[in-house]
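*Asks:* One structure follows; several queries about it will come next.
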């Protein structure tokens, strides 16, 4: 790539709601500069009280969730464990194909999610 792209992730994500907050990955066909088979990146805001039900990836992927701000809870079924991200920079890393998880925003929260490799329908 011989060009430089700058921007603001809040604006990019809000102007492309069809991406669900993901801004880099193998599924970014409409945005070829952000296509990657190696990694997926997501910039996501959750309002206090937002909950996501249990999720288990269909393929082997590793996931890193980094708290930018707020307070965010992730519950894992295997091992049976709760992780609360409390301060900027707190993170959790897991194999998304090995454990189901659910999450809840305990405060308004901003997260950066890194997943690899990038897989469609994950």
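Numbering (our numbering), first residue to last: 1042 to 1163. Idealized CB from N, CA, C, for every residue including glycine.
#1: Quick check on residue 1068: does DSSP put it in helix, strand or coil?
#2: Leaving aside the five residues before and after residue 1157 along the sequence, list all residues of the same chain whose C-beta is less than 8 Å from its C-beta, in chain order.
#3: Any idea if residue 1159 is buried or exposed, counting beta-carbon neighbours within 10 angstroms, 16 or more meaning buried?
#4: Who does residue 1087 pair with in a DSSP beta bridge?
#5: What residue range does the beta strand (DSSP E) around residue 1106 cover?
#6: Quickly, what does DSSP pair residue 1059 with across the bridge? List them, please.
#7: Taking the alpha carbon of residue 1117 as the point to measure from, which residue in 1130, 1128, 1096 has its own alpha carbon closest?
#8: Using the Cβ count rule (16 or more neighbours within 10 Å means buried), how would you classify residue 1111?
#9: DSSP three-state call for residue 1120: helix, strand or coil?
#10: With a Cβ-Cβ cutoff of 9 Å, do residue 1134 and residue 1106 count as a contact?
#11: Do residue 1147 and residue 1109 have their C-beta atoms within less than 9 Å of each other?
*Replies:* Checking against the coordinates, here is how it stands:
#1: As a first step, residue 1068 is located in the chain shown; it is residue number 27 there, counting from the start. In the three-state reduction of the DSSP assignment, residue 1068 falls in the coil class, being assigned neither a helical nor a strand state.
#2: The residue you call residue 1157 lines up with position 116 of the chain shown. Short of 8 Å from the beta carbon of residue 1157, and not among the five residues preceding or following it, lie these beta carbons of its own chain, in chain order: 1079, 1080, 1081, 1102, 1103.
#3: As a first step, residue 1159 is located in the chain shown; it is residue number 118 there, counting from the start. Per the 10 Å Cβ criterion, buried.
#4: By 1-based counting over the chain shown, the position of residue 1087 is 46. Under DSSP, residue 1087 shares a beta bridge with 1150.
#5: Looking up residue 1106 in the chain shown gives position 65. Here the beta strand (DSSP E) through residue 1106 covers 1103 to 1110.
#6: Looking up residue 1059 in the chain shown gives position 18. Answer by DSSP bridge pairing: none, since residue 1059 is not bridged.
#7: Position 76 of the chain shown, counting from 1, holds the residue named residue 1117. For the options 1130, 1128, 1096, the alpha carbon positioned closest to that of residue 1117 is the one of 1096.
#8: The residue you call residue 1111 lines up with position 70 of the chain shown. That one is buried.
#9: Taking the first residue of the chain shown as 1, we reach residue 1120 at position 79. Assigned with DSSP and collapsed to three states, residue 1120 falls in coil, not helix or strand.
#10: Numbered from 1 along the chain shown, position 93 holds the residue referred to as residue 1134. Numbered from 1 along the chain shown, position 65 holds the residue referred to as residue 1106. Yes, Cβ-Cβ distance for residue 1134 and residue 1106 is below 9 Å.
#11: Translated into the one-based positions of the chain shown, residue 1147 becomes position 106. Translated into the one-based positions of the chain shown, residue 1109 becomes position 68. The answer is no: Cβ separation not under 9 Å.
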